[in-house]
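Numbering (UniProt numbering), first residue to last: 1 to 152.
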C-alpha cells in the first residue's frame with residue numbers, strides 16, 4: 001500500500017524516488033525510536049506519518065529545537081483525499097497526542113516550495129522559521145510549540 005502511495009505524482013514530487021523511499025521507510029519501521037503510522041478515515045487508509053525525537057537523527061536544522069521535541073514526516077497517498085482537510089484533521093489529532101505525552105514542541109520540515117503542505121501546517125498552528133539547505137535539498141523548518149496550544 002505504501003509502495004503504491006509513493007508512486008502518486010504529488011508524493012513523488014516532494015518525497016522523491018519511490019523505491020528509495022520505500023526502502024528507507026521499511027528500515028524506519030524496524031526502529032524502536034521511530035513511530036510509524038498509517039492513517040485511516042472511515043476504515044479507509046489514506047496517509048503515512050512517522051514521528052521521532054528531533055535529536056535522535058543528526059540533522060543540523062533540528063539542533064536548535066528543545067530536548068524531547070518530536071519531528072514529523074507525513075504524506076497523503078490517496079489523491080482523492082488530498083486538499084479536503086484530512087491532513088489537518090489527522091495532524092491536529094497527532095500533535096495533540098504528542099503534546100499530551102510531554103513533547104514541548106513539534107517540528108516539520110517541508111520543501112519551501114510545497115505550498116499545499118505549508119498551508120496545511122500553518123492552518124493547525126505551525127509557525128515557519130528559517131529555510132535550511134540540507135543534503136536532501138532545501139527545507140523550511142516549521143514548529144508547533146506546546147505552550148501556544150489550548151487543548152479542550
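We put the CB at the ideal spot given by N, CA and C, even for glycine.
Note that this is a predicted model, so its numbers are computed, not measured.
Three-state class that DSSP yields for residue 151 in the structure shown: Mapped onto the chain shown, residue 151 falls at position 151. Note that residue 151 scores a pLDDT of 49, beneath 50, so its modelled location is shaky; the value from the coordinates is reported in the next line. Coil at residue 151, not helix or strand.
Cβ-based burial, residue 5 [other Cβ within 10 Å; buried from 16]: Your numbering for residue 5 matches position 5 in the chain shown. Its Cβ being crowded by 16 or more others within 10 Å, residue 5 is buried.
Within the UniProt domain "N-acetyltransferase" (1-147), ranges of the beta strand (DSSP E) (whole runs, at least 3 residues): 34-41, 44-53, 70-76, 105-108, 127-134, 137-145
Per-residue burial, residue 123 [other beta carbons within 10 Å of its own, 16 or more giving buried]: As a position in the chain shown, residue 123 is number 123, starting the count at 1. Answer is exposed; the Cβ neighbour count stays below 16.
Integer-rounded CB distance, given that residue 32 should sit under 8 Å from residue 48: Start at 1 with the first residue of the chain shown, and residue 48 comes out as number 48. Start at 1 with the first residue of the chain shown, and residue 32 comes out as number 32. That belief does not hold up - the Cβ atoms of residue 48 and residue 32 are roughly 19 Å apart, past 8 Å.
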